[in-house]
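Q: One rule links them: number in this note's numbering = place in the sequence shown (from 1) + 306. Glycine included, every Cβ here is placed at the ideal spot set by N, Cα and C. Note that the structure is a prediction, hence the values are computed from the model and not measured.
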Amino acid sequence: MAESSAPLPAALEPTDPLSVLNGAFREAYAARREEILAGLGPVIAQIDDVLILRRGGQRFEGPARTRRYHAFKSITHVPLALHMLLSERRGVPGEPLRERLQGIQRLLTAAVESLEHRGFTPGEAARQRRILESTQALLVQALAPGGVPPEALTAYARAQAPDLLLNAEDAARDQLETMHATVEAWKRQMTPEEQQRLRVVVATSHMARPGNVAVQYFSVTLGETWEGRFDQEDLHPGKRVLSSETSFDEAAAFTLLATHVLDARVGRRFFGEEDRLARDVLADAAERLLAQMFHREPEPPANPDRAPGAPPRP
Numbered sequence: 307m308a309e310s311s312a313p314l315p316a317a318l319e320p321t322d323p324l325s326v327l328n329g330a331f332r333e334a335y336a337a338r339r340e341e342i343l344a345g346l347g348p349v350i351a352q353i354d355d356v357l358i359l360r361r362g363g364q365r366f367e368g369p370a371r372t373r374r375y376h377a378f379k380s381i382t383h384v385p386l387a388l389h390m391l392l393s394e395r396r397g398v399p400g401e402p403l404r405e406r407l408q409g410i411q412r413l414l415t416a417a418v419e420s421l422e423h424r425g426f427t428p429g430e431a432a433r434q435r436r437i438l439e440s441t442q443a444l445l446v447q448a449l450a451p452g453g454v455p456p457e458a459l460t461a462y463a464r465a466q467a468p469d470l471l472l473n474a475e476d477a478a479r480d481q482l483e484t485m486h487a488t489v490e491a492w493k494r495q496m497t498p499e500e501q502q503r504l505r506v507v508v509a510t511s512h513m514a515r516p517g518n519v520a521v522q523y524f525s526v527t528l529g530e531t532w533e534g535r536f537d538q539e540d541l542h543p544g545k546r547v548l549s550s551e552t553s554f555d556e557a558a559a560f561t562l563l564a565t566h567v568l569d570a571r572v573g574r575r576f577f578g579e580e581d582r583l584a585r586d587v588l589a590d591a592a593e594r595l596l597a598q599m600f601h602r603e604p605e606p607p608a609n610p611d612r613a614p615g616a617p618p619r620p
């Protein structure tokens with residue numbers, strides 16, 4: 307029986323003329339992208355707690371959040387963490403979980419003692435104390451014989467919701483007010499033309515949730531499409547506010563802005579559609595071919611103004 311030959315690798319050899327030609331394309335694309343970035347006008351990147359402005363060859367930094375934001379968010383995570391550890395478990399926790407719970411118990415004691423030094427208003431401090439002390443009480447029950455019954459864990463979770471949502475509002479307020487102060491100070495130094503040309507990129511984690519605070523803020527302040535709770539971001543994307551997924555690198559964030567501008571120009575001139583290169587170049591052909599292969603048509607969303615999975619507008 308004849309031996310079967312090993313399949314050829316899919317990738318072109320580096321010395322293949324087409325591979326070399328493609329490399330030249332990539333170099334040309336990168337060079338043109340850098341030229342566009344240099345001529346974009348003022349651009350802002352929000353990366354974690356910092357806003358970065360590039361304008362006229364200069365770089366400026368300003369705050370996007372304060373410590374209050376992180377204090378509210380950290381305390382909000384405590385009940386969520388405990389619920390995740392205890393949910394779908396019955397009876398007394400095993401030794402590894404017990405050690406983890408005891409460690410959290412010690413951390414909670416130190417956190418409660420630190421509240422008076424964090425500059426909270428009396429009402430804010432009382433709310434944080436409620437959250438942490440109710441969590442301490444649940445931990446005591448979890449470590450006792452019998453553990454926490456499912457109904458008690460559910461009741462605990464529901465009881466935390468009002469305080470957690472107030473913490474979320476206070477964290478959002480801190481970020482919005484901090485960003486607004488920074489951005490308005492910068493805008494006052496810009497000409498009207500620069501303000502009209504201002505673009506923004508927001509660094510977000512992978513699978514960022516709809517309604518990102520910074521994306522919402524810049525969409526409003528720059529007069530872009532404002533999509534918050536009831537829409538998926540980028541369902542009707544604007545041109546001046548972008549999300550940079552998984553990249554918290556400053557250079558990569560600004561490069562994304564230039565890529566967006568360059569791809570829009572190429573898409574418009576070749577295909578008559580600015581957003582054509584924002585989706586996979588093979589996407590339309592794949593859709594047609596899959597319809598032929600499986601004798602099906604893609605199903606449009608029930609509401610064309612709403613992304614799949616997004617709740618309806620009230």
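Would you report the Cα separation of residue 374 and residue 385, rounded to the nearest angstrom?
A: Each residue's Cα considered, the two are about 19 Å apart.
Q: Quick check on the DSSP output: what are the complete alpha helix (DSSP H) runs of length 4 or more inside the region 321-362, in order along the chain?
A: The qualifying runs are 323-344.
Q: Where does residue 538 sit, in a helix, a strand or coil, going by DSSP?
A: Confidence in residue 538 is poor, its pLDDT being 46 and thus under 50, which makes the residue's placement too unreliable to answer from.
Q: Could you have a look at residue 364 and say whether DSSP puts it in helix, strand or coil?
A: Correct three-state label for residue 364: strand.
Q: In the DSSP assignment, find the unbroken beta strand (DSSP E) run with residue 401 in it and report its ends.
A: Unbroken run through residue 401 is the alpha helix (DSSP H), 401-420; no beta strand (DSSP E).
Q: For residue 562, which residues of its own chain have a beta-carbon under 8 Å away from its beta-carbon, when the five flanking residues on both sides are left out?
A: Once the five neighbours on either side are set aside, the close Cβ partners of residue 562 are 507, 548, 550 and 553.
Q: Could you say if the region 492-508 and the region 347-364 meet the contact criterion of at least three C-beta pairs nearer than 8 Å?
A: Contact holds: three or more Cβ-Cβ distances are below 8 Å.
Q: So what does DSSP say about residue 439, is it helix, strand or coil?
A: Note: residue 439 maps to helix in three-state DSSP.
Q: Using a Cβ-Cβ cutoff of less than 6 Å, which residues in the same chain neighbour residue 444 once the five nearest sequence positions on both sides are dropped?
A: Closer than 6 Å at Cβ, skipping near neighbours: 462.
Q: If distances are taken between C-alpha atoms only, which option among 570, 583 and 392 comes closest to residue 452?
A: It is 392 whose Cα lies nearest to the Cα of residue 452.
Q: Hey, is the region 431-450 in contact with the region 468-482, meaning 3+ C-beta pairs nearer than 8 Å?
A: Counting Cβ pairs under 8 Å, three or more are found: they touch.
Q: What number of angstroms, rounded off, separates the C-alpha of residue 602 from the C-alpha of residue 517?
A: Computed Cα separation, rounded: 33 Å.
Q: Can you name the start and end residues of the alpha helix (DSSP H) that residue 571 belongs to?
A: 556-577 is the extent of the alpha helix (DSSP H) around residue 571.
Q: Out of curiosity, what's the CA-to-CA distance linking residue 366 and residue 435?
A: One C-alpha to the other measures close to 38 Å.
Q: Would you call the region 475-495 in contact with the region 410-422, where contact means no fewer than 3 C-beta pairs closer than 8 Å?
A: The region 475-495, when compared against the region 410-422, does not touch it at the 8 Å Cβ threshold.
Q: Tell me the DSSP secondary structure of residue 497 in three-state form.
A: Of the three classes helix, strand and coil, the one that applies to residue 497 here is coil, per DSSP.
Q: Between which two residues does the alpha helix (DSSP H) carrying residue 596 extend?
A: Unbroken alpha helix (DSSP H) run through residue 596: 589-600.
Q: Between which residues of its own chain and residue 321 is the CB-CB distance below 7 Å, once the five residues before and five after are set aside?
A: Cβ neighbours of residue 321 beyond the five flanking positions: none.
Q: Measure the alpha-carbon distance for residue 317 versus residue 376 and round it to whole angstroms.
A: Distance between the alpha carbons of residue 317 and residue 376: 47 Å.
Q: How many Å lie between residue 338 and residue 597 at the Cα?
A: So the alpha carbons of these two residues sit roughly 37 Å apart.
Q: On the three-state DSSP scale, how would you describe residue 315?
A: Coil, per DSSP.
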